[in-house]
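Asker: Before anything else, here's the structure in question.
Residue numbers (the numbering used here): 44 to 427.
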């Protein structure tokens with residue numbers, strides 16, 4: 044019985060551990076590393092590098108979700124003031140919104156300097172009365188050596204009164220995460236999202252420094268500044284995001300599309316309210332799973348190549364099946380299968396695993412296999 048178990052164990056190990064496939068996978072990873080180095084260090088490839096930097100298969104998952112009907116947010120509404128520039132009028136609109144009893148207001152505008160005395164005084168008077176509003180400020184002049192911001196930009200009246208403030212900084216390369224806290228010197232500052240959550244749910248301080256944004260396609264109702272009373276029911280007991288929803292200079296790249304900064308904040312706040320935490324594999328666990336999935340992909344592709352090589356009954360069919368065109372289609376279908384399984388895990392259980400390295404290995408398997416075969420062939424010839 045013991046010998047039989049040993050035989051079974053050896054057979055399983057022989058099926059699982061294949062030196063050739065392991066070598067092919069290693070060569071594929073080396074090719075990826077070389078291509079990545081060249082792409083990110085050669086000036087001619089700068090546009091490509093910018094496009095690839097930080098790419099994640101999660102971006103494709105959100106794009107796939109766009110084909111389904113979008114849900115409409117039940118508790119977040121945008122009040123658009125893109126065409127409203129007069130401070131007195133802005134103060135009047137804020138006063139009108141506050142009178143309707145929203146659960147919280149995000150004032151996504153920074154009034155950096157005084158403009159006109161009457162409008163500025165009216166704005167300060169309204170700001171002083173608002174108890175469930177969060178005013179925005181921006182962290183500025185980031186220094187990489189110190190790994191922190193060195194300056195801040197606040198509304199000119201912020202220091203004169205006790206306002207609830209939160210920073211609105213996000214990454215302009217690709218907005219996937221929302222920072223909840225940032226440090227400057229020996230002080231920690233809260234984001235506007237963190238402050239809004241304290242008002243909405245009266246929660247204790249959030250411990251995480253950032254949160255992955257859930258971009259499940261959602262419609263956020265947008266109300267024009269001159270239609271407040273008409274849409275009073277959408278403001279009463281709702282979260283109001285007050286700011287410009289059509290500012291061309293405030294566009295950010297997201298996994299869904301390019302969108303306005305205030306809409307990114309809506310998605311971030313919706314993520315926090317609904318407690319939609321993603322399970323993200325990172326670090327050593329990510330690389331262990333990546334190696335296992337890459338190895339599985341290489342084994343499936345090489346199995347196809349070996350199977351077509353043994354089709355001796357029909358030489359023409361064998362040659363056709365082994366062409367680069369057909370092989371590429373098979374690899375593409377296998378990559379699609381991997382993506383579909385990962386998409387199901389993402390949609391059903393909110394499990395996010397970035398398949399980018401695995402798919403890259405699969406795409407380079409044929410090239411890596413040729414390199415390994417040539418190396419083995421010449422090494423064997425030298426021995427003889």
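Here a beta-carbon is modelled for each residue, glycine too, at the ideal position from N, C-alpha and C.
1) Cα separation between residue 386 and residue 104?
2) Which partner residues does residue 230 have in the DSSP bridge list?
3) How should residue 121 be labelled, buried or exposed, when 16 other C-beta atoms within 10 angstroms of its C-beta is the threshold for buried?
4) How many angstroms separate the CA atom of residue 301 from the CA atom of residue 262?
5) Residue 100 and residue 343 - do their beta-carbons sit closer together than 7 Å?
6) Count Cβ pairs between the region 313-327 and the region 227-234 that sit closer than 8 Å; are there 3 or more?
7) Classify residue 67 as helix, strand or coil using the three-state DSSP reduction.
8) For residue 416, does the count of other Cβ atoms within 10 angstroms reach 16, so buried, or fall short, so exposed?
9) In the DSSP assignment, the beta strand (DSSP E) including residue 283 goes from what residue to what residue?
10) Using the DSSP secondary-structure output, state which residues sit across from residue 176 in a beta bridge.
11) Would you kindly check if the distance between the Cβ of residue 243 and the Cβ of residue 221 is under 7 Å?
12) Determine the extent of the beta strand (DSSP E) in which residue 294 is found, giving its start and end residues.
13) Work out the CA separation of residue 239 and residue 194 for me, nearest whole Å.
14) For the candidate residues 378, 349, 404, whose alpha-carbon lies nearest to that of residue 365?
15) What's the call for residue 318, buried or exposed, on a 16-neighbour Cβ count within 10 Å?
16) Could you tell me how far apart the beta carbons of residue 210 and residue 232 are, in whole angstroms, since I believe they sit closer than 8 Å?
17) Measuring CB to CB, does residue 338 end up less than 7 Å from residue 68?
18) Can you grab the Cα-Cα spacing for the pair residue 87 / residue 336, in whole Å?
19) Could you check what DSSP says for residue 262 in three-state terms: helix, strand or coil?
20) Do residue 129 and residue 267 have their C-beta atoms closer together than 7 Å?
21) Excluding sequence positions up to five away, which residues of its chain have a Cβ less than 6 Å from the Cβ of residue 152?
22) Would you kindly work out how many angstroms separate the C-alpha atoms of residue 374 and residue 406, rounded to a whole number?
Answerer: Quick answer:
1) In the chain shown, counting from the first residue as 1, residue 386 sits at position 343. In the chain shown, counting from the first residue as 1, residue 104 sits at position 61. The straight-line gap from Cα to Cα measures roughly 6 Å.
2) For the purposes of this step, residue 230 is taken as residue 187 along the chain shown, with counting starting at 1. Its beta-bridge partners are 227.
3) Against the chain shown, residue 121 aligns to sequence position 78. The residue in question, residue 121, is buried, as its Cβ has 16 or more Cβ neighbours within 10 Å.
4) Translated into the one-based positions of the chain shown, residue 301 becomes position 258. Translated into the one-based positions of the chain shown, residue 262 becomes position 219. Whole-angstrom Cα-Cα distance: 15 Å.
5) Taking the first residue of the chain shown as 1, we reach residue 343 at position 300. Taking the first residue of the chain shown as 1, we reach residue 100 at position 57. In this structure, residue 100 does not lie closer than 7 Å to residue 343 by Cβ.
6) no
7) For the purposes of this step, residue 67 is identified with residue 24 of the chain shown, where counting begins at 1. The answer is helix: DSSP assigns residue 67 an H, G or I state.
8) Looking up residue 416 in the chain shown gives position 373. Classification of residue 416: exposed, given that the 10 Å Cβ count is below 16.
9) Start at 1 with the first residue of the chain shown, and residue 283 comes out as number 240. Here the beta strand (DSSP E) through residue 283 covers 282-286.
10) Looking up residue 176 in the chain shown gives position 133. DSSP links residue 176 through a beta bridge to 148.
11) Mapped onto the chain shown, residue 221 falls at position 178. Mapped onto the chain shown, residue 243 falls at position 200. Not closer than 7 Å, so no.
12) Position 251 of the chain shown, counted from the first residue, corresponds to residue 294. Residue 294 -> beta strand (DSSP E) spans 294-296.
13) Counting from one through the chain shown, the residue named residue 194 turns up at place 151. Counting from one through the chain shown, the residue named residue 239 turns up at place 196. Looking at the two C-alpha atoms, the distance is approximately 23 Å.
14) Taking the first residue of the chain shown as position 1, residue 365 is located at position 322. Residue 365 has its Cα closest to that of 349, out of 378, 349, 404.
15) Position 275 of the chain shown, counted from the start, is the residue given in the question as residue 318. Classification of residue 318: exposed, given that the 10 Å Cβ count is below 16.
16) Working through the chain shown from its first residue, we reach residue 210 at position 167. Working through the chain shown from its first residue, we reach residue 232 at position 189. Yes, they are in contact, since the Cβ atoms of residue 210 and residue 232 sit about 6 Å apart, within 8 Å.
17) Taking the first residue of the chain shown as position 1, residue 338 is located at position 295. Taking the first residue of the chain shown as position 1, residue 68 is located at position 25. Cβ distance < 7 Å, so residue 338 and residue 68 count as in contact.
18) On the chain shown, residue 87 is found 44 positions in, with the first residue counted as 1. On the chain shown, residue 336 is found 293 positions in, with the first residue counted as 1. Annotation note: pLDDT 45 at residue 87 (below 50); position unreliable, coordinate value reported separately. Whole-angstrom Cα-Cα distance: 33 Å.
19) In the chain shown, counting from the first residue as 1, residue 262 sits at position 219. Residue 262: strand per DSSP, three-state reduction.
20) Within the chain shown, the letter at position 86 stands for residue 129. Within the chain shown, the letter at position 224 stands for residue 267. In this structure, residue 267 does not lie closer than 7 Å to residue 129 by Cβ.
21) The residue you call residue 152 lines up with position 109 of the chain shown. Once the five neighbours on either side are set aside, the close Cβ partners of residue 152 are 286.
22) In the chain shown, residue 374 corresponds to position 331, counting from 1. In the chain shown, residue 406 corresponds to position 363, counting from 1. If you take the alpha carbons of residue 374 and residue 406, they lie about 7 Å apart.
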